[in-house]
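Report on one structure; see the data block that follows.
Residue numbers (the working numbering), protein chains in the order written: chain F, 6 to 353; chain C, 3 to 456.
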């Protein structure tokens with residue numbers, strides 16, 4: 006069964022998030038940072054969608070827009086048929102219960118002045134769920150779920166390690182019983198030694214609670230471990246989307262190829278010798294004619310500089326790429342053959 | 003019981019504050035002084051704390067008793083039911099009765115008739131008055147030198163030696179009482195040069211009699227322990243110590259109220275500026291700049307000219323300007339704090355703006371508030387003192403340090419050192435204590451030793 010067989014939980018269509026750039030004496034809007042530039046995606050229930058891309062490509066902004074922490078400039082975000090992008094008041098509050106977030110930095114995402122119990126209980130208090138005793142019981146249950154001791158309830162975040170803090174963040178995200186969790190680089194601030202624990206915790210929770218994840222990361226090995234489907238973002242756009250095995254085996258966009266080639270390996274037989282990407286990411290303020298990746302692309306042709314390529318299917322409908330030479334790129338052999346790299350700490 | 007649940011940052015700061023001895027003891031002293039100031043009527047008041055009179059206990063501190071209650075003779079032309087009892091005089095009179103009774107008792111020996119007469123003559127020898135340490139209230143004028151010397155002089159002129167001695171004893175003029183008793187007073191009074199007869203006032207002025215020295219002059223009077231003016235009297239004969247105490251009470255509570263209202267308003271405004279940002283921040287910031295440009299002293303002077311300033315009116319006027327300083331700090335703190343992810347997390351589960359600002363962000367933004375508050379208190383005390391000195395503060399006869407300093411700096415009072423030293427000393431000590439507290443708080447809240455900005 007693939008993700009496409011089920012009715013999707015969340016569907017984003019043509020989502021734009023532009024930030025005005027102000028200039029001049031009166032602070033007129035003289036341009037826009039196109040952080041998210043026409044993204045469409047769907048997340049199936051109990052599946053994980055990975056969002057990858059280099060820093061500044063708009064993946065965090067997209068995550069926050071899907072969470073309605075940012076209101077999209079244009080486009081719709083439908084959660085089971087309800088428009089999250091336009092919801093207000095009570096309806097927004099009800100939708101917020103369904104989607105929760107795990108943040109990147111476990112040090113700043115927990116309020117240092119609140120105890121663990123208060124932090125985990127806070128969403129329940131905000132939504133007025135249950136009596137005080139029921140809330141207390143739920144907090145204990147949640148802490149148990151993420152593998153923390155009940156005695157942690159009266160302690161403060163500063164007494165915990167990064168991995169433990171991230172578990173607390175997960176417990177807080179689970180408090181309202183969401184069906185979709187947006188995890189924004191949940192392990193990139195953690196020591197490699199505890200990454201695996203947190204990732205496996207998330208996988209276990211997905212199995213037990215039937216969660217869907219949007220997993221934002223720049224680390225492809227982690228994405229390979231976690232995700233069912235992967236969307237690669239470049240400069241505010243999705244340039245390739247595919248089931249994880251296909252993406253790693255037959256990338257159809259030169260940017261994806263470059264990302265895969267950049268995965269470091271300890272195995273000398275798998276060293277690629279591939280040339281890393283050259284050049285800078287173009288400014289997101291100027292609108293480019295043609296493919297935004299063209300200035301850095303090894304496969305570039307004159308036609309690339311004319312139109313912005315749309316996401317189009319490659320071989321199967323589940324695999325789409327925004328490249329006019331996608332068929333050639335997908336057919337070209339990868340510098341390294343073999344399975345996608347394993348995530349650190351993942352059990353064999 | 004466990005400590006109330008303080009988060010570790012606050013707990014660490016409190017520990018550090020306690021470890022800075024200077025600030026900690028300054029706080030203890032200042033708090034003790036404030037508690038004492040609350041109980042000022044038991045420290046400086048013309049009403050007695052307790053009176054034991056003919057088998058009954060009276061507690062007059064908050065209760066009016068006329069002179070008649072204690073069989074006290076009123077001044078000429080008054081009814082003893084209309085005037086409040088003069089407890090300090092009662093205390094001295096009854097004390098004198100005890101002395102004279104004891105003296106008579108040893109003279110009478112075992113003669114029952116003489117003892118009975120003695121007992122009838124001194125009926126109040128077993129009655130007691132407990133006065134506050136300073137037996138003066140801050141409003142009462144004490145022209146004691148004139149009163150005492152006139153009374154004794156009259157008794158001497160009328161030939162009532164016993165009465166004169168009694169009065170001298172009553173007012174603690176032991177040397178004069180002995181002189182009257184031995185008759186030496188006549189030689190002293192007759193020794194005038196070129197005058198047919200001198201008066202007690204002359205003896206006081208010329209220093210011919212040591213126990214009278216300092217009497218006979220008009221207020222301000224130098225400190226005198228016999229009359230229990232520990233810091234002397236001001237130019238209207240009011241006790242300086244009592245006025246200092248009540249002045250402290252008014253200025254410290256004035257400052258606390260003022261700083262409280264100012265900091266609350268400033269915190270709310272500054273927090274909203276920082277949290278909301280954007281247009282609200284821009285507009286309110288310009289308004290604040292306009293307000294800063296208004297010279298506040300002139301505003302106070304204009305308003306004081308239109309209305310009679312009262313405690314609450316002054317707080318209201320000064321609050322208009324007091325809240326501004328803290329807004330800058332709260333604004334920047336909020337700008338910094340709102341970008342941290344726990345704020346985003348609170349938004350993501352739908353916490354209201356109000357809840358985010360006051361439950362999540364504010365507790366993390368309190369450092370400037372706590373560290374600036376002691377210094378704001380210093381400023382407020384100084385502001386009130388300054389206004390009082392200029393005459394735009396609380397209306398007379400409210401006891402006030404500024405007004406005392408004003409008296410001390412008058413040309414005619416330049417040699418009355420007690421008038422200068424007392425209010426300046428009190429002001430200096432108070433401000434130094436508060437500054438000590440402020441410095442220690444600032445040191446204890448210094449983020450450097452354990453800051454972690456990941």
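In this text, a Cβ means the ideal position worked out from N, Cα and C, and glycines have one as well.
From a predicted model like this one, the values you see are computed outputs, not experimental measurements.
Segments assigned alpha helix (DSSP H), at least 4 residues, entirely inside the stretch 25-78 of chain F = As far as the stretch 25-78 of chain F is concerned, its whole alpha helix (DSSP H) runs of at least 4 residues are 64-71.
task = Keeping to the same chain, check which residues put their C-beta closer than 6 Å to that of residue 211 of chain C; ignore five residues upstream and five downstream.
result = For the purposes of this step, residue 211 of chain C is taken as the residue at position 209 of the second chain. Taking C-beta separations shorter than 6 Å and ignoring five residues to either side along the sequence, the partners of residue 211 of chain C in its chain run 205, following chain order.
is_contact[residue 362 of chain C, chain F] using C-beta, thresh 9 Å = As a working note, residue 362 of chain C is residue 360 in the second chain. It does; some Cβ of chain F falls within 9 Å.
inquiry  = Relative to the C-alpha of residue 155 of chain F, which candidate in F:122, F:104 and F:170 has its C-alpha closest?
reply    = As a first step, residue 155 of chain F is located in the first chain; it is residue number 150 there, counting from the start. The shortest CA-to-CA distance from residue 155 of chain F to any of F:122, F:104 and F:170 is the one to F:122.
request  = Note down, in chain order, all residues in the stretch 159-188 of chain F with a beta-carbon under 8 Å from any beta-carbon belonging to chain C.
outcome  = Those residues of the stretch 159-188 of chain F that come within reach of chain C (Cβ to Cβ, closer than 8 Å) are 159, 161, 163, 164, 174, 177, 180 and 181.
ask   = Closest to residue 187 of chain F by CA distance: which of C:439, C:371, C:346 and C:358 is it?
value = On the first chain, position 182 is the one that residue 187 of chain F refers to. Taking the Cα of residue 187 of chain F as reference, the smallest distance to any Cα among C:439, C:371, C:346 and C:358 is reached at C:346.
task = Output the distance between the C-alpha atoms of residue 151 of chain C and residue 384 of chain C, rounded to the nearest integer angstrom.
result = On the second chain, position 149 is the one that residue 151 of chain C refers to. On the second chain, position 382 is the one that residue 384 of chain C refers to. Rounded to the nearest whole angstrom, the CA to CA distance from residue 151 of chain C to residue 384 of chain C is 41 Å.
message = Is the beta carbon of residue 232 of chain C closer than 9 Å to that of residue 225 of chain C?
response = Within the second chain, residue 225 of chain C is the residue found at index 223, counting from 1. Within the second chain, residue 232 of chain C is the residue found at index 230, counting from 1. Contact: yes.
The stretch 170-179 of chain F touching the stretch 101-109 of chain F, judged by at least three CB pairs closer than 8 Å = Result yes; three or more Cβ-Cβ pairs closer than 8 Å.
ask   = Secondary structure at residue 16 of chain F, three-state DSSP: helix, strand or coil?
value = The residue given as residue 16 of chain F occupies position 11 in the first chain. Secondary structure of residue 16 of chain F (DSSP, three-state): strand.
query = Can you give the Cα-Cα distance for residue 305 of chain F and residue 271 of chain C, rounded to whole angstroms?
reply = Indexing the first chain from 1 puts residue 305 of chain F at position 300. Indexing the second chain from 1 puts residue 271 of chain C at position 269. Using only the alpha carbons, I get a separation of about 56 Å.
ask   = Quick one: which chain F residues come within Cβ less than 7 Å of residue 349 of chain C?
value = Here the question's residue 349 of chain C lines up with position 347 in the second chain. Correct list: 74.
task = Look at residue 147 of chain F and residue 179 of chain F and say whether their C-beta atoms are less than 9 Å apart.
result = Reading the first chain from its first residue, position 142 is the one you call residue 147 of chain F. Reading the first chain from its first residue, position 174 is the one you call residue 179 of chain F. The criterion of a C-beta distance shorter than 9 Å is satisfied by residue 147 of chain F and residue 179 of chain F.
ask   = Since residue 165 of chain C sits in a beta bridge, which residues does DSSP pair it with?
value = Taking the first residue of the second chain as 1, we reach residue 165 of chain C at position 163. Residue pairing for residue 165 of chain C: DSSP places it in no beta bridge.
key: Beta carbon of residue 342 of chain C nearer than 9 Å to that of residue 113 of chain F   = Position 340 of the second chain, counted from the start, is the residue given in the question as residue 342 of chain C. Position 108 of the first chain, counted from the start, is the residue given in the question as residue 113 of chain F. The beta carbons of residue 342 of chain C and residue 113 of chain F sit closer together than 9 Å.
ask   = Expressed to the nearest angstrom, what Euclidean distance is found between the alpha-carbon atoms of residue 20 of chain F and residue 242 of chain F?
value = Here residue 20 of chain F refers to the residue found at position 15 when the first chain is read from its first residue. Here residue 242 of chain F refers to the residue found at position 237 when the first chain is read from its first residue. Cα to Cα, the separation comes out at about 10 Å.
ask   = When the Cα of residue 72 of chain C is compared with those of C:63, C:88 and C:32, which residue comes out closest?
value = Working through the second chain from its first residue, we reach residue 72 of chain C at position 70. For the residues C:63, C:88 and C:32, the minimum Cα distance to residue 72 of chain C belongs to C:88.
request  = Would you identify the three-state DSSP class for residue 265 of chain C, choosing helix, strand or coil?
outcome  = Taking the first residue of the second chain as 1, we reach residue 265 of chain C at position 263. In the structure shown, residue 265 of chain C sits in a helix (DSSP, three-state: H, G or I).
ask   = Between F:298, F:337, F:283 and F:246, which lies nearest to residue 317 of chain F when the distance is taken from Cα to Cα?
value = Sequence index remark: in the first chain, residue 317 of chain F carries index 312 (1-based). Ranked by how close their Cα comes to the Cα of residue 317 of chain F, the residues F:298, F:337, F:283 and F:246 have F:246 in first place.
Close beta carbons around residue 263 of chain C, own chain, < 6 Å, minus the five adjacent residues each side = Taking the second chain and counting its residues from 1, the one referred to as residue 263 of chain C is at position 261. Take residue 263 of chain C, set aside five residues on each side of it, and the residues of its chain with a beta-carbon closer than 6 Å to its own are 321, in chain order.
key: residue 290 of chain F classed as buried or exposed, judged by whether at least 16 other C-beta atoms fall within 10 angstroms   = Looking up residue 290 of chain F in the first chain gives position 285. Exposed, by the Cβ-count rule.
request  = Would you list the residues sitting across from residue 187 of chain F in a DSSP beta bridge?
outcome  = The sequence position of residue 187 of chain F within the first chain is 182, counting from 1. Beta-bridge pairing links residue 187 of chain F to F:106 and F:219.
query = Pairing CB atoms from the stretch 165-180 of chain C with CB atoms from the stretch 96-109 of chain C, are three or more of them under 8 Å?
reply = The stretch 165-180 of chain C vs the stretch 96-109 of chain C: in contact.
message = Helix, strand or coil for residue 12 of chain C? Go by DSSP, reduced to three states.
response = By one-based count along the second chain, residue 12 of chain C stands at place 10. Correct three-state label for residue 12 of chain C: helix.
inquiry  = Using C-beta distances below 6 Å, list every residue in its chain close to residue 2 of chain C, excluding the 5 sequence neighbours before and after it, in chain order.
reply    = Since the first and last residues shown for chain C are 3 and 456, residue 2 of chain C lies out of range.
ask   = Any idea if residue 44 of chain C is buried or exposed, counting beta-carbon neighbours within 10 angstroms, 16 or more meaning buried?
value = Here the question's residue 44 of chain C lines up with position 42 in the second chain. Residue 44 of chain C counts as exposed, since fewer than 16 other beta carbons sit within 10 angstroms of its beta carbon.
query = Could one say the Cβ of residue 354 of chain C lies closer than 9 Å to chain F's Cβ atoms, at least one of them?
reply = Along the second chain, one-based indexing puts residue 354 of chain C at 352. The C-beta of residue 354 of chain C comes closer than 9 Å to at least one C-beta of chain F.
ask   = Secondary structure at residue 455 of chain C, three-state DSSP: helix, strand or coil?
value = For this step, residue 455 of chain C is matched to residue 453 along the second chain. Model confidence at residue 455 of chain C stands at a pLDDT of 47, short of 50, so the residue's coordinates are unreliable; what they give is reported in the following sentence. Coil.
key: Chain-ordered chain C contacts of residue 128 of chain F [CB-CB under 7 Å]   = Along the first chain, read from residue 1 onward, the residue named residue 128 of chain F stands at position 123. The contact set of residue 128 of chain F on chain C, defined by CB atoms closer than 7 Å, consists of 351 in chain order.
Residue-level contact to chain F via CB, residue 365 of chain C, 9 Å cutoff = Translated into positions along the second chain, residue 365 of chain C becomes position 363. Output row for residue 365 of chain C: interface = yes.
ask   = Which residues of chain F have a Cβ atom closer than 8 Å to the Cβ of residue 9 of chain C, listed in chain order?
value = Numbered from its first residue, the second chain carries residue 9 of chain C at position 7. Within 8 Å Cβ-Cβ: 117, 118, 119, 120 and 161.
inquiry  = So that I know if they touch, is there some Cβ in chain F lying closer than 9 Å to that of residue 322 of chain C?
reply    = Here residue 322 of chain C refers to the residue found at position 320 of the second chain. Taking CB atoms only, residue 322 of chain C has no neighbour in chain F less than 9 Å away.
request  = Closer than 7 Å by beta-carbon distance: list the chain A residues that pair up with residue 278 of chain C, in chain order.
outcome  = Among the protein chains of the structure shown, namely F and C, there is no chain A.
ask   = Are the beta-carbon atoms belonging to residue 178 of chain C and residue 220 of chain C less than 9 Å from one another?
value = Counted from its first residue, the second chain places residue 178 of chain C at position 176. Counted from its first residue, the second chain places residue 220 of chain C at position 218. No, the Cβ-Cβ distance between residue 178 of chain C and residue 220 of chain C is not below 9 Å.
message = Quick check on the burial criterion: 16 or more other C-beta atoms within 10 angstroms. Buried or exposed for residue 250 of chain C?
response = Within the second chain, numbered from 1, the residue matching residue 250 of chain C stands at position 248. Residue 250 of chain C sits buried, since 16 or more C-beta atoms from the chains shown fall within 10 Å of its C-beta.
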